[in-house]
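J.: Using the working numbering, the letters of the first sequence map in sequence onto residues -5 to 591.
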Amino acid sequence: MKPVIEILEDRISAVMSEVAGQEKCSAIIKQASDPKFGDYQVNGVMALAKQIKTNPRKLAEQVVEKLDISDICEFPEIAGPGFINLRLKPEFIARGLLEINKDTENFAVEKTTGPKNIVVDFSGPNIAKQMHVGHLRSTIIGDCICRMLKFLGHNVIPQNHIGDWGLQMGMVIYALEKEAKWTTEDKFPNIENIPDASDLSLEEFERLYKKVTKLVETDPEISKEVKAYTVALHSGDKWTKIIWDRARKISLEQCYKMYKRLKVNLNNNHTHGESSYKDDLSKVVDDLKEKGFAIESDDAICVFPEGFKNKEGDRLPFIIQKSDGAYLYATTDLAAIRYRVNKLKANMILYVTDARQKLHFEMLFAVAELAGWAKKNMLHHVMFGSVLGENGQPLKTRSGENVKLKELLDEAVERAKAVVEQKNPELSQNEKDKIAQAVGIGAVKYADYSNNRTSDYVFSFDKMLAMEGNTAPYMQYAYARIKSIERKAQIKDVDIKTELKDIENLNLSDPSEIELAKHLVRYSEAIQSAVSDFKPNYLTSYLYELAQKFSTFYTSCPVLKAEPEQRPTRLLLCDLTARTIKHGLTELLGIEVVEQM
RNA sequence: GCGCCCGUAGCUCAGUAGGAUAGAGCACCGGUUUCCUAAACCGGGGGUCACAAGUUCGAAUCUUGUCGGGCGUACCA
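1. Going by the DSSP bridge assignment, what does Pro152 pair with across the sheet?
2. With C-beta atoms as the reference, is Leu533 less than 7 Å away from Ala541?
3. Can the beta-carbon of Trp238 be found closer than 7 Å to that of Met163?
4. Are there 16 or more other CB atoms within 10 angstroms of the CB of Asp592, so buried, or fewer, so exposed?
5. Tell me whether Thr265 sits in a helix, a strand or coil according to DSSP, three-state version.
6. Would you kindly report the start and end of the unbroken beta strand (DSSP E) that includes Asp621?
7. In whole angstroms, what is the alpha-carbon distance linking Lys44 and Glu480?
8. Given this structure, state the Cα-to-Cα distance separating Gly463 from Asp33, to the nearest angstrom.
9. Just the C-alpha distance for Ile46 and Ala14, rounded to the nearest angstrom, thanks.
10. Can you tell me which of the three DSSP states Arg573 falls into?
11. Could you tell me if Asn184 is buried or exposed, where buried requires 16 or more neighbouring beta carbons within 10 angstroms of its beta carbon?
12. The alpha helix (DSSP H) spanning Ser132 covers which residue range?
13. Since Asp348 contacts Ser317 with CB under 8 Å, what's their CB separation in whole angstroms?
14. In angstroms with no decimal places, state the Cα-to-Cα distance between Pro50 and Val36.
15. Applying the 10 Å Cβ sphere with the 16-neighbour rule, what's the burial state of Thr106?
16. Going by DSSP in three states, Met163 sits in which element: helix, strand or coil?
17. Quick check on the DSSP output: the alpha helix (DSSP H) that includes Asp348 runs from which residue to which?
18. Can you list, in chain order, the residues of its chain whose CB lies under 7 Å from that of Lys(-4), leaving out five sequence neighbours each side?
19. DSSP three-state call for Met(-5): helix, strand or coil?
20. Below 7 Å between beta carbons: does that hold for Arg409 and Phe453?
21. Mapping the DSSP letters down to three states, classify Val414 as helix, strand or coil.
22. Rounded to whole angstroms, what is the Cα-Cα separation between Ala474 and Val587?
23. Mind checking who Lys251 pairs with in its DSSP beta bridge?
24. Between which two residues does the alpha helix (DSSP H) containing Ile585 stretch?
25. Are the CB atoms of Met377 and Phe302 within a distance shorter than 7 Å?
26. Among residues of its own chain, excluding the 5 on either side of Pro84, which ones have a beta-carbon nearer than 8 Å to its beta-carbon?
27. Could you tell me the boundaries of the beta strand (DSSP E) in which Tyr548 lies?
28. Who are the Cβ neighbours of Asp450 in its own chain at under 7 Å, not counting the five residues just before and after it?
29. The beta strand (DSSP E) with Lys24 in it runs from where to where?
30. Look up Phe86 in the DSSP assignment and say whether it is helix, strand or coil.
31. Just the C-alpha distance for Phe182 and Glu211, rounded to the nearest angstrom, thanks.
32. Across which residues does DSSP place His354 in a beta bridge pair?
33. May I ask you to list the residues that DSSP assigns as paired with Asn396?
34. Rounded to the nearest angstrom, how far is the Cβ of Gly267 from that of Gly157, given a contact under 8 Å?
35. When every heavy atom of the ligand GDP is checked, does at least one fall within less than 6 Å of the C-beta of Glu99?
36. Check the C-beta distance from Pro109 over to Gly147 and give it rounded, since I have them as a contact under 8 Å.
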């Protein structure tokens, strides 16, 4: 079934076209701003009236007269300057619930009529370094977008564009030589003598990387040497390649562990890093040169796409090859576009990266379109804001380092554990651990999703783990309460299965029942709006409201002790709420639910 | 300097094509438990939507200007 709002939009828009004699009219239907206006309001009539210069209220009357939506709504009311207020019929709501009830997999959410091949580029950690808080948003938002698109029936192709070909490897190899932990060619002339690098740990790589980063900042000579090592790697030097292999392998192992912990669906099949495009880079540059788009400027090869200016008001360069001959991320990104369009047959490519890269992507897209490698509107930068500390600055440790993702999650789980310990000490250790994992990790993810993607947000363990408010624990608690009812049913001799079997007639009478039922029917609306803007917070808002409405219902309506004519309806409301929360959290957001907490 | 984003309740934030009296949560005040998990629920106070002008039946939303903040701006990603 289509979302109600879309059915109404279609039908009312059509009538508006007919009445006004205009081709394309939009009803612009919104949820009513106030419950006293009903469930939905039509805003588009006033705009149309303005357009065709007529009285809005009169136009609304004409529209209502011709409109037949009696299968869905009560008779529409015209209000104010020309609003049409719509109120759903209880029978319609009941029908909607029953339909969702039957469609156990898809909650009566309609699949897309035009499935696309959508590449989603996200996560993209660097090798030789642990994942840190800076990778959190890309990783989980990207994953959520993949899950939602897939649910709507698209062919989603996740791409993990890892940073495995950059300067950081040069740094690490340089440091290994200087510390005599590892030496290259001249020291090991025979292949048998080469250490297998298996003793090099990620921590070791990280330590070296950090050390050299500092050195490079102050010493241009070292910077030069580091670059030379990077060049050696790029030109196929087998000694440096051994170190690179090792760094890549152990870094990815860590990443995959992290993805598993975060319930992010990324694995080796999706890893397609910078290094995989290494042989295409020169072709990209040559191609752009041949086409006459790339020219030399200050010894670098640049494209100057239209519409970008620098401080002097001249064209801004998009540098695809540095003056020292090296390629950079602009080149790799272009090569990736060609691969994704030609080989992966992408109709759309989404880049889930932070907002600071906005200009880069604008220029990248402009160049790709200029070169004819991508069509207009194929490429989208799904950007996001930064994670800030309580001080309003980007989140760092006290010593100014990036916060490791692992440590962040560990702390969240630890704090969740303490709460479970306090609230439910009688549970087994194993259960407590499971709950702490679900709540702790869920809290971190949910807090991120529930903030507007495009703005920065302040990271706070206390807030994300609070039981009040729009948090993962609140949602998980609502779910656990329903599961508890189901367990109690057995003791109280209520056979839920039998009562819900072939249920056809509902008895929605209490206001809290009706409110909850209406909201359940709107699940597909929430998903549609979250997908069309790639904004998970629309989904979390929906789920939060659902949990709130359930809690209100739960408080005012006994379920197991309800009268026989009310009980099946209430059991159904509980069941559908639990299923919707579970689906939203686990399937779309990748957050676990728990049976008790 | 130029470009992009932002400024909404004491705090953290929603506000999805310009719609009716601007919404949540936290915090604050008051109430609810012999009853399915009170990690909950119900009620209350709290706003010049940074400021100013404009567009119109109607502006937090669009335009212009001012102030304040963030980010970016030729060889990092």
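Where is the CB? At the ideal position from N, CA and C, for every residue including glycine.
T.: Let me spell this out:
1. Locating residue 152 in the first sequence gives position 158, counting from the first residue. Answer by DSSP bridge pairing, in chain order: Val114.
2. Along the first sequence, read from residue 1 onward, the residue named residue 533 stands at position 539. Along the first sequence, read from residue 1 onward, the residue named residue 541 stands at position 547. Cβ distance not < 7 Å, so Leu533 and Ala541 don't count as in contact.
3. Along the first sequence, read from residue 1 onward, the residue named residue 238 stands at position 244. Along the first sequence, read from residue 1 onward, the residue named residue 163 stands at position 169. Yes, Cβ-Cβ distance for Trp238 and Met163 is below 7 Å.
4. Past the edges of the chain, shown from -5 to 591, lies residue 592, and the structure says nothing about it.
5. The sequence position of residue 265 within the first sequence is 271, counting from 1. Strand.
6. There is no way to answer for residue 621, as the model of the chain reaches only from -5 to 591.
7. Position 50 of the first sequence, counting from 1, holds the residue named residue 44. Position 486 of the first sequence, counting from 1, holds the residue named residue 480. Computed Cα separation, rounded: 55 Å.
8. What you label residue 463 is simply residue 469 of the first sequence in a count that begins at 1. What you label residue 33 is simply residue 39 of the first sequence in a count that begins at 1. Looking at the two C-alpha atoms, the distance is approximately 24 Å.
9. Start at 1 with the first residue of the first sequence, and residue 46 comes out as number 52. Start at 1 with the first residue of the first sequence, and residue 14 comes out as number 20. Using only the alpha carbons, I get a separation of about 8 Å.
10. For this step, residue 573 is matched to residue 579 along the first sequence. Helix at Arg573.
11. Residue mapping note: residue 184 aligns to position 190 of the first sequence, counting from 1. Residue confidence is low: Asn184 scores 47 on pLDDT, short of 50, so the model does not pin down where it sits. No coordinate-derived value is stated.
12. Mapped onto the first sequence, residue 132 falls at position 138. 130 to 145 is the span of the alpha helix (DSSP H), which, as asked, contains Ser132.
13. On the first sequence, residue 348 is found 354 positions in, with the first residue counted as 1. On the first sequence, residue 317 is found 323 positions in, with the first residue counted as 1. So it is not a contact: roughly 28 Å between Cβ atoms.
14. Here residue 50 corresponds to residue number 56 of the first sequence, with the count starting at 1. Here residue 36 corresponds to residue number 42 of the first sequence, with the count starting at 1. Using only the alpha carbons, I get a separation of about 12 Å.
15. Residue numbering aside, residue 106 sits at position 112 when the first sequence is read from its first letter. Classification for Thr106: exposed.
16. Counting from one through the first sequence, the residue named residue 163 turns up at place 169. In this structure, Met163 counts as helix in the three-state DSSP scheme.
17. Here residue 348 refers to the residue found at position 354 when the first sequence is read from its first residue. First-last for Asp348: 342 to 348, but that is the beta strand (DSSP E), not the alpha helix (DSSP H).
18. The count along the first sequence starts at 1 and reaches residue -4 at position 2. The answer, listed in chain order, is Glu104.
19. For this step, residue -5 is matched to residue 1 along the first sequence. Here Met(-5) sits in coil by DSSP.
20. Here residue 409 is taken as the residue at index 415 of the first sequence, counted from 1. Here residue 453 is taken as the residue at index 459 of the first sequence, counted from 1. Not closer than 7 Å, so no.
21. By one-based count along the first sequence, residue 414 stands at place 420. In this structure, Val414 counts as helix in the three-state DSSP scheme.
22. On the first sequence, residue 474 is found 480 positions in, with the first residue counted as 1. On the first sequence, residue 587 is found 593 positions in, with the first residue counted as 1. For Ala474 and Val587, the distance between alpha carbons rounds to 8 Å.
23. By 1-based counting over the first sequence, the position of residue 251 is 257. None; Lys251 has no bridge partner.
24. If you number the first sequence from 1, residue 585 lands on position 591. Where Ile585 is concerned, there is no enclosing alpha helix (DSSP H), given that its DSSP letter is neither H nor E.
25. By one-based count along the first sequence, residue 302 stands at place 308. By one-based count along the first sequence, residue 377 stands at place 383. Not closer than 7 Å, so no.
26. Counting from one through the first sequence, the residue named residue 84 turns up at place 90. Hits under 8 Å: Leu502, Ile508.
27. Here residue 548 is taken as the residue at index 554 of the first sequence, counted from 1. Segment 530 to 550 is the alpha helix (DSSP H) holding Tyr548; no beta strand (DSSP E) there.
28. Position 456 of the first sequence, counted from the start, is the residue given in the question as residue 450. Excluding residues within five positions, the ones whose Cβ falls inside 7 Å are Gly379, Ser380, Leu382.
29. Here the question's residue 24 lines up with position 30 in the first sequence. Per DSSP, Lys24 belongs to the beta strand (DSSP E) from 23 to 25.
30. Here residue 86 is taken as the residue at index 92 of the first sequence, counted from 1. Looking at Phe86 - three-state DSSP - the assignment turns out to be helix.
31. Mapped onto the first sequence, residue 182 falls at position 188. Mapped onto the first sequence, residue 211 falls at position 217. Confidence at Phe182 is low in this model, with a pLDDT of 42, below 50, so its placement is unreliable and no value can be given for it.
32. Position 360 of the first sequence, counted from the start, is the residue given in the question as residue 354. Answer is none; His354 lacks a bridge partner.
33. As a first step, residue 396 is located in the first sequence; it is residue number 402 there, counting from the start. Its beta-bridge partners are Lys390.
34. Residue numbering aside, residue 267 sits at position 273 when the first sequence is read from its first letter. Residue numbering aside, residue 157 sits at position 163 when the first sequence is read from its first letter. At roughly 7 Å, the Cβ-Cβ gap stays under 8 Å, so Gly267 and Gly157 are in contact.
35. By its list of ligands, the structure shown contains no ligand whatsoever, and the ligand GDP lies outside what it can speak to.
36. Locating residue 109 in the first sequence gives position 115, counting from the first residue. Locating residue 147 in the first sequence gives position 153, counting from the first residue. That belief holds up - the Cβ atoms of Pro109 and Gly147 are roughly 5 Å apart, short of 8 Å.
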